[in-house]
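Participant: UniProt numbering puts the last residue of the sequence shown at 342; the count rises by one with no breaks.
Have a look at this one before I ask anything.
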Amino acid sequence: MEENFEEKIRKAIEGEKNEYSSSIDALSKLLSKSWVKPSSEVSFEQIYEKAQSSKVLPFKRPLIYALSAAAAILLGAFGVFLLQNPKSSPAADQFTISVSKIVGKGYLSSSDSEKQLALNEGESVGRGQTLKTEAGSKLFLTVSKGEGMVLEEATELEILRDSKQSFRLKTGTVLVHLHKNLKKEDFRIYTSSGLVEVRGTKFEVRENKAEGTIVSVLEGRVAAINTNESDRGEQVLEPGQKIRLEPKGFHRSFLSSAEQRGLNLKFTELKVDEIPRNTERSFSDKEDLFKEYQRLERVVLSNGESLEGVIVDMDESFMYLQTLKNEIKIPRDSVNEVIQLR
């Protein structure tokens with residue numbers, strides 16, 4: 001009887017379906033999660049030491065029997081845990097950054113350490129840490145849900161320790177794609193000459209000693225503030241405009257045709273479909289939808305059909321419309337007109 005039990009447990013662990021499969025799956029998911037609430041600010045030293053000491057452990061046959069014994073004990077504890085905590089879940093940090101793609105090499109460092117780590121795709125980074133790319137490299141980031149960033153070559157970007165999504169561009173170039181309902185004060189990039197605040201847009205920020213800070217806008221609106229000026233008045237940029245912030249002032253101008261084509265080409269690498277966000281979000285009624293986005297639109301298609309909602313994003317091929325039920329993709333060549341309802 002005992003051997004039969006162990007044999008079934010072993011087969012369930014190896015993937016065979018039997019009466020223990022669901023329990024093994026639940027146990028596996030439980031053990032893969034931390035039972036201790038993680039610190040919102042993990043020190044760079046901890047990350048570095050963990051990376052240095054990481055090892056791959058061989059999966060040997062005796063481990064199966066150890067898991068069998070553990071399963072018999074923990075399954076009972078697991079059932080009690082679920083009964084006592086039917087709706088418990090760890091608190092999620094609203095501000096998360098993960099490395100989605102690396103071209104070449106990217107590095108992670110911290111202001112309180114001289115050590116530097118090579119980044120890998122899929123890793124998460126946090127506040128107080130600095131991301132770097134070397135010559136010929138690019139780093140693609142997913143910021144929270146619905147925001148994407150690209151660090152181009154020879155770029156250094158610090159993730160600031162504050163309650164907002166704030167960064168400091170020390171040198172190099174950053175491309176940013178934000179979803180349409182982000183408040184401008186919720187996403188900030190500081191440079192040596194100024195502050196960039198945005199709301200639902202595609203834009204580029206460049207920083208170097210020779211030129212200072214240059215902000216170029218492809219879509220949406222950007223507020224640029226020269227922090228070296230006494231009045232610190234903001235300059236609001238529209239699509240196709242750029243601004244150069246210098247220690248003694250600023251210079252506004254329009255993007256040339258070549259600059260606009262170049263910026264469009266850069267953003268083809270930052271695909272909307274590859275920036276994860278909740279496309280199944282729903283709203284109870286139009287007032288609820290309007291309250292969230294502060295606007296309401298009607299999209300009229302070439303076949304005469306009309307759809308109401310909020311355009312939350314666009315790329316060269318699709319328009320992304322948040323409806324009451326969910327977010328849908330609409331081919332741009334099928335759109336006849338867009339009417340602003342509110």
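By construction, the Cβ of each residue, glycine as well, lies at the ideal position given by its N, Cα and C atoms.
Are the beta-carbon atoms of H179 and R277 separated by less than 8 Å?
Facilitator: Yes, they are a contact pair.
Participant: Does the distance from the C-beta atom of I311 to that of V338 stay below 8 Å?
Facilitator: Yes, the Cβ-Cβ distance between I311 and V338 is below 8 Å.
Participant: Taking the straight line between their C-alpha atoms, what separation do you get for T268 and S317?
Facilitator: Distance between the alpha carbons of T268 and S317: 11 Å.
Participant: Which first and last residues belong to the beta strand (DSSP E) in which L139 is found?
Facilitator: K138 to V143 is the extent of the beta strand (DSSP E) around L139.
Participant: Skipping 5 residues on each side, what residues in its chain have a beta carbon closer than 6 Å to that of E147?
Facilitator: Around E147: L178.
Participant: Along the chain, where does the beta strand (DSSP E) containing N264 start, and where does it finish?
Facilitator: Premise fails: N264 lies in the alpha helix (DSSP H), S257 to F267, not in any beta strand (DSSP E).
Participant: Here's the rule I'm using: 16 or more other beta-carbon atoms within 10 Å means buried, otherwise exposed. How should R244 be labelled?
Facilitator: R244 should be labelled buried.
Participant: Taking the alpha-carbon positions, what's the G106 to N208 distance?
Facilitator: Approximately 19 Å, taken between the alpha carbons.
Participant: Between V99 and L139, how many whole angstroms is the CB-CB distance? I'm expecting something under 8 Å.
Facilitator: Sure, about 7 Å apart at Cβ, within 8 Å.
Participant: Just the Cα atoms here: how many angstroms apart are E134 and G172?
Facilitator: Looking at the two C-alpha atoms, the distance is approximately 10 Å.
Participant: At a cut of 8 Å, does the segment 159–171 reach the segment 187–207 through at least three beta carbon pairs?
Facilitator: With the cut-off at 8 Å, the segment 159–171 and the segment 187–207 touch.
Participant: So if DSSP puts T133 in a beta bridge, which residue, or which two residues, is it bridged to?
Facilitator: G106, per the DSSP bridge assignment.
Participant: Would I102 and L141 qualify as a contact pair, given that the criterion is a beta-carbon distance under 8 Å?
Facilitator: In this structure, L141 does not lie closer than 8 Å to I102 by Cβ.
Participant: Quick check on Q165: buried or exposed, where buried means 16 or more other Cβ atoms within 10 Å of its Cβ?
Facilitator: By the neighbour-count rule (16 or more Cβ atoms within 10 Å), Q165 is buried.
Participant: Applying the 10 Å Cβ sphere with the 16-neighbour rule, what's the burial state of R206?
Facilitator: Per the 10 Å Cβ criterion, buried.
Participant: Let me confirm a value: D161 is counted as buried when at least 16 other C-beta atoms fall within 10 Å, else exposed. Which label applies?
Facilitator: Inspection of the sequence shows that residue 161 is occupied by Arg rather than by Asp. Under this definition R161 is an exposed residue.
Participant: How would you call S39, buried or exposed, if buried means at least 16 neighbouring beta carbons within 10 angstroms?
Facilitator: Unreliable placement is indicated for S39, whose pLDDT of 48 sits below 50; the coordinate value is still reported in the next sentence. Per the 10 Å Cβ criterion, exposed.
Participant: Report the residue from K242, S334 and K286 whose alpha carbon sits nearest the alpha carbon of M319.
Facilitator: The shortest Cα separation from M319 among K242, S334 and K286 belongs to S334.
Participant: Measure from the alpha carbon of L270 to the alpha carbon of each residue in Q235, E259, V143 and E156, then state which is nearest.
Facilitator: Of the candidates Q235, E259, V143 and E156, the one whose C-alpha sits nearest the C-alpha of L270 is V143.
Participant: DSSP three-state call for K17: helix, strand or coil?
Facilitator: Looking at K17 - three-state DSSP - the assignment turns out to be coil, as it is neither helix nor strand.
Participant: Give the C-beta separation of V222 and V198 to the nearest angstrom, bearing in mind that I take them to be a contact with Cβ-Cβ under 8 Å.
Facilitator: Rounded, the Cβ-Cβ distance is 5 Å, consistent with contact.
Participant: Under 8 Å Cβ to Cβ from H251, same chain only, skipping five residues before and after it: list those, please.
Facilitator: Same-chain partners within the cutoff: I243 and R244.
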